[in-house]
Amino acid sequence: MSQPSETTVERSINTSHMQISQTDVAIDVINMHKWYGDFHVLRDINLRVMSGERIVIAGPSGSGKSTLIRCVNRLEEHQEGQIIVNGTELTADLKRIDDVRREVGMVFQHFNLFPHLTILQNLTLAPIWVRGTPKAEAEATAMHYLERVKIPEQAHKFPGQLSGGQQQRVAIARSLCMQPKIMLFDEPTSALDPEMVKEVLEVMISLAEEGMTMICVTHEMGFARQVANRVIFMDQGQIIEQNEPEAFFSNPQHERTKLFLSQILH
Amino acid sequence: MTTFDTGQKIAPRASFFNDPVIRGIIYQIVVATLLIGFILWIIGNTAANLAAQNKTTGFDFLWRTAGFDISFSLLPWTRASYYWEAFLVGLLNTLLVAVIGIFFATILGFTIGIARLSSNFIISSLATIYVELIRNIPLLLQLFFWYFAVLKAMPAVRDAIQLPFDTFISQRGIMVPKPLPDEQFVFVWIGLALAIVTVIALRYWAKKRLEATGKRFPVFLTSIVILLGLTSLVYVISGASVSFELPVLERFNFRGGLQLPPEFVALAFGLTIYTASFIAETVRAGILAVNKGQTEAAQSLGLKENDRLRLVIVPQAMRVIVPPLTSQYLNLTKNSSLGAAIGYPELVNVFAGTSLNQTGRAIECIAITMAVYLIFSLLTSAIMNWYNGRVRLVER
Amino acid sequence: MTDIGYVRSDIVDARPAPNRTSGPVAWMRTNLFSTPFDTVLTVLGILFLLWVVPPLYGFFFGNAVGPNGTVEECRMINAGACWAYISSEMEFFIYGFYDIPEQWRPNIVFALGALLLTPLLIPRMPFKRTNIVLFLVIYPILSYFLLAGGVFGLKVIPTEKWGGLLVTLIISVIGITLSFPLGIILALGRQSQMPIIKTVCVGFIELIRAVPLITILFMASIMLPLFMPQGTTVDKFLRALVGVTLFTSAYMAEVVRGGLQAIPRGQYEAAESLGMGYWQRMWFIILPQALKHVIPGIVNSFIALFKDTSLVYIVGMKDLLEAVKTKNDSALEWQSANTATTGYLFAAMVFWVFCFGMSRYSIYMENRLNTGYKR
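So the sequence lines, in the order shown, correspond to chains A, B and C. When we follow numbering that gives the first Met the number 0, the leftmost residue of the first sequence carries the number 0, and every step to the right adds one. When we follow numbering that gives the first Met the number 0, the leftmost residue of the second sequence carries the number 0, and every step to the right adds one. When we follow numbering that gives the first Met the number 0, the leftmost residue of the third sequence carries the number 0, and every step to the right adds one.
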C-alpha cells in the first residue's frame, strides 16, 4: 500500500463555482450489493451524489472503495440494488452502459494511457470514434485540455516518454476531452513519486473549482480537507461513516473511523 | 593522501602476464590457433579420405544430368534435367509447402489462441487440449501418423472416397477438380484488381471523411460488396467462364483433375497442425501481454467492443505477437525438411539426399542446402530488425 | 444537504451470494451461456464432443483388442486399437535388439536414472551439487559400461543392437548432459569482450540455429567419417550424439545468455570488487544465479531435444519411433487395418507423457521462481 500523505497545495481555493445543486442528482446508489464469487465485497451501499459534489472515499485497502466507483461506470457488475447515473439505471443493457460511460470520465491509479499512440492521439481517440467529432476539432479540444494540465508541449510524444505525474495529467485530460459530467478518480496519486503528487492534485483542485462532480478514492487527506464537501469512510465493503471534512477529521464517531484516522494521520 | 594527477604519469604497468589486455590477446591467439589447427586437420583428413575413395570435389556436377525421377515438381522435370534444376525443384517444393503451411497454420493458430482465452469453458478447454496434445508429440511422429496410418490406410484408388465437389481421397492422395479458365477470364482478373484498388481508395476516403466530419462509414461491408460485386459483374459481362476438368476414375487410376500427392498432403497437414499449436501459444501470450487496464481505460472512454479491439488491443498485441510468430514461420520452413522422411521431394530430400547419393559430393550438397536455410534465417532476422525498429514503443 | 453526517450503527455481516454469482447455475451462466453467441458456441462445442468422443472411446477402449487379445480379433471388421500388438512387441519398443537375457542391464540404468533424477527435481532436497555430479558425470560413465559391456565379465553388446525407448532416453539424457556445459561456454563466449572468441561463438550459434536438425544429422552421418583420419570408424550412435549435442548446445547457449543478461550489472561489479578472477566470478556468483533463472528454459530445450531424438533414424539408429515404424512395416504376423495406427498412437502416448510431464515441471519451476523474486 502506498504511504498516505498530507500533501497540501499552498493557494487559496476559489469556491465561487463550487455550487452544489439541491435538486439535480448525479449518481444514486440504492441498497447495492456486490459479490466476487462467494465474497461479499460491497454490502448495502446507499449513496446519493448531487451535481457539483466533490466526494472523497477513504478506507483501508480491501474495503471495497475502488470496487464501488468501478461499479458506477460498470467496469464491475453489481448483483443487487440499483445504480442510477444521470437518470440512467445501469443494467446489463449495453446501450445504457455506453450512455453512462460517455458521461462519466475515469482516472486510474496506473494511468492506463495507450502506449502505442501519441499523447494527442490518446486524447482524440474517443472523441473521434465515440462522439464522431471531426479530427481538427478533436485536436483543438485536446490541445485546450493539454494546456489546462500544463503540458501542451508533450502532444506529439508517446506516453512512455513522460514522467508519472505528466502521464496522470494526460489521463485526466483524456477523460476531459469527452466532456464528462462526472469524474471518477481511482487512487490517482498512489503510483506517483511524492514530488509528482502535487502537480496532479493541482489539476484536480482546478477541476473542482469549475464545479465538476467528482468522486475520488484517495489517501490524500490534505486534498480531502481542502476540496471535498463530503468524506466517506468505508470498511469491510460498507459505508461506515460520512461527514463534512471538518467534522470527519476532528470528530470521528465510529470506532473504526477513529482507528483508521489514528493510523493514517499518526 | 594521494594526489590525483591525471595523465602525467603512466599508470604502473601490471606485470606482463597479469595485464588483462595482453592476457586477452594471448587467450584469443590460443583459441584461434587451436581452431585453425582443428580445421586444417579436418581438411587434411577429408582430402586424404576423398583421395582414397577416388572422389573429386567441386561444383561442376551442378551442370550434369541428374537422371533420377522426382515425383512432384512445379517445374518441368525429366530425367535429362540438370542437378541445378533438381536444386530449384527441391527449393520450390520447400517453399510451396512452407507457404501453404504458414497460411493455414496462421489461421488455425490464431483461432485456437483466441479460443483458449474464451470465457466459454468448453471452447477454451478444447483449445487447451489441442495445444497440450499436439505440441508434446514429435512432429516426425505426427507426419508418420498422417502419412502411414491415415493416408496409406485410405482405400485403394478404385474404391476412392468421394467427397462433395468431385473431390476424391484415396491412397494416392487427394484429387480435386482442376479449374480451366478460358481466354475471357483475364478480364475477371482485371476486374478483381480494379475492385482491390477501389477498396483501397474507399478506405482512404472513409478515413479522410471521418477526420473531416466525424461520420463513420461501413468500410468493411462495402468492401466485401465491391470485391464480390465488381468481380462477378465483370464475370457476367465479359462472358468469361471457368470449366473444371473433373477427376475421372478409370480402371487403375484417375484421369484429369489436379492431384495432390499424399506426401504433400500429409506434410502440409502435419506442419499446419503442429505449428498452429505453437502459434496459438504465441497469440495467447500476446493478447495476455496487453494490460487489463487498457481495456478498462477504453471502456471508460465509451469505446464499443469492436473499436476497443481494433484501436487499442490488437495493435498492442500484434507488437508482441509478430516477432515470435515470425520465428514460428521460420521453424515451419525448417521443419518442412522432415518431408524427406515421408518422401516429399523438398530441398533436403532432393539435394542433400538423392543428389548427394548419386554424385557423392557430400560437402558441396550439404553446404548448399545449409546455405539456403541460413539465407532464409538471415533474411527473416533482417526483416524482424526492421519491424522491431519501426514499432518499438518509445520509452524514456 | 442537512443530513450529511451519517454513522452506521449496525455492521452488515457478509451473507452468501445470491445464486446468480455462485453455485453450479451461476457457473454455467458465466462460463457457458453468458451471451447468445456464447450459447451457440457451447452448443457447437457439445455437438463436436458428441461427434468425436464416442468413436474415440470405441477405438481406444470399447472395440479395442486388449493386451491379451489375438491378431484374429484385431483383424475383425469393427475392431478398434490393437493393444495386443503393442504388448507382444513391447520388448522391442523398449530395448530394440538388445539381448533378451541381458535386459536387466538397461533396467538397472533406468532405475538408477530415476533414483538420481527424482531428488534433483525436488527443489527442497539437499546435496544438490553432489547429486548433479553423480547424475551428470558418474551416471553416464557407469551406464555406458553397464550397457556396452566388455568389463567385469559383462557380455559386449554393440550399439547397433540398442534401440527403442532405451536409445531415445540415452540420446536425450547424454545430449542434454553434454550440450549443457557446451552451451554455457558458448554463451560466455558470446558475451566475451574478445572479438575473435565472440565472433567464433556467434557464428557457430547462429549457423546451427539457422539450419534444420536433419541437415546437421546428415552432416554428422555423412561428413563426420570424412573428417576423421583414415581408417577410423565412427560409431552410428556417436554420430547421432555429436549431431544432437551440437544442435542442442546452440539453443542452450541462447537460453543461458538470457539468464546472463537478466543478472543486474551490480552483481558483476560486486564480484569484481571482491577481487575475483573471471572464472571465479562466473562460477561462484554469476552462473548459479543465471542458471537458476533459466531452469524453465533449460527444461523447454530438453523437451525439444527429447522430441528431436526421433530424427536419429537418419543416421540409422532405431529409437522408439523408428522401432515402432519398423515393426509396423515388417511384423507381418500382426498385420491388420489398425496395427500401424495403434503403433503410432502408442509411441505418441509415450512421448506425450514424457513431454507433458516435463512441461508441467517447467511451469511449476517458473511459478516457484516468480514467487521467489516477487516481494
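Note that CB positions come from ideal geometry on N, CA and C, so glycine has one too. This one's a predicted model, so the numbers in the text were calculated from it and none came from an experiment.
Under DSSP, Phe167 (chain B) forms a beta bridge with B:Gln161 and B:Met174. Here Leu206 (chain A) is buried. Its C-beta has 16 or more other C-beta atoms within 10 Å. A check of alpha carbon separations from Trp34 (chain A) across A:Leu46, A:Asp97, A:Gln235 and A:Gln252 identifies A:Gln235 as the nearest. Listed as beta-bridge partners of Lys33 (chain A) by DSSP are A:Leu41.
Under the Cβ criterion of 8 Å, Gly58 (chain A) is not counted among the residues facing chain C.
Look at the beta carbons and you see the segment 332-340 of chain C touching the segment 77-90 of chain C: at least three pairs across the two are nearer than 8 Å.
Three or more beta-carbon pairs separated by less than 8 Å link the segment 211-224 of chain C to the segment 307-317 of chain C, which places the two stretches in contact.
Non-local C-beta neighbours of Ser336 (chain B) in its own chain, meaning closer than 6 Å and more than five positions away in sequence, comprise Val347, ordered along the chain.
Taking one beta carbon from each stretch, the segment 178-185 of chain B and the segment 349-362 of chain C have fewer than 3 pairs nearer than 8 Å; the two do not touch. DSSP lists A:Ile56 and A:Asp185 as the bridge partner or partners of Val216 (chain A). In the structure shown, Ile68 (chain A) adopts helical secondary structure according to DSSP, grouped into three states. Put simply, the backbone Cα of Glu219 (chain A) is about 26 Å away from that of Arg100 (chain A). Taking every protein chain shown into account, the CB of Asp185 (chain A) has 16 or more other CB atoms within 10 angstroms, so this residue is buried. Assigned with DSSP and collapsed to three states, Leu191 (chain A) falls in coil, not helix or strand. Among the bridge pairs identified by DSSP, Tyr267 (chain C) is matched with none. The Cβ-Cβ distance between Arg7 (chain C) and Ile239 (chain A) falls below 8 Å. Each residue's CA atom was taken as its position, placing Leu107 (chain B) and Gly338 (chain B) some 21 Å apart. Interface flag for Ala211 (chain B) against chain A is set, since a Cβ pair is found closer than 8 Å.
Ala97 (chain B) and Glu262 (chain B) have their C-alpha atoms some 14 Å from each other. Under DSSP, Leu46 (chain A) forms a beta bridge with A:Val28. Contact with chain A is found for Arg215 (chain B), since one of that chain's Cβ atoms lies less than 8 Å from the residue's Cβ.
Counting only Cβ-Cβ distances below 8 Å, Gln27 (chain B) has contacts in chain C at Met193, Pro194, Ile195 and Ile196, in chain order. The count of Cβ pairs closer than 8 Å, one atom from the segment 209-221 of chain B and one from the segment 126-141 of chain A, reaches three, so the stretches are in contact. At least 8 Å separates the CB of Lys291 (chain C) from every CB of chain B. Using a Cβ-Cβ cut-off of 7 Å, Asp97 (chain A) is close to Gly301 and Lys303 of chain B, given in chain order. Counting along the chain, the unbroken beta strand (DSSP E) around Gln241 (chain A) starts and ends at Gln237 to Asn242. When beta bridges are read from the DSSP output, Glu198 (chain A) appears opposite no residue. Under the Cβ criterion (8 Å, minimum of three pairs), the segment 84-98 of chain A does not count as touching the segment 153-164 of chain A. Ranked by Cα distance from Leu209 (chain B), the first of A:Gly131, A:Asn85 and A:Pro251 is A:Gly131. With a cut-off of 8 Å on Cβ pairs, the segment 264-276 of chain B is not in contact with the segment 82-92 of chain A, counting fewer than three such pairs. Neighbours of Thr368 (chain B) in chain C, taken as residues whose beta carbon is under 7 Å from its own, are Thr214 in chain order. For the segment 225-282 of chain C, the continuous alpha helix (DSSP H) assignments of 4+ residues that do not extend past its boundaries occur at 235-261 and 264-272, in sequence order. Straight-line spacing of the CA atoms in Ala139 (chain A) and Ser174 (chain A) works out to 15 Å. Nearest neighbour of Tyr363 (chain C) by Cα position, chosen from C:Trp351, C:Phe350, C:Gly296 and C:Glu321, turns out to be C:Gly296. Pairwise C-beta distances place the segment 281-294 of chain B in contact with the segment 310-320 of chain B, as three or more of them are shorter than 8 Å. One finds nothing in chain A with a Cβ atom closer than 7 Å to the Cβ of Asp59 (chain B); even the nearest lies about 55 Å away.
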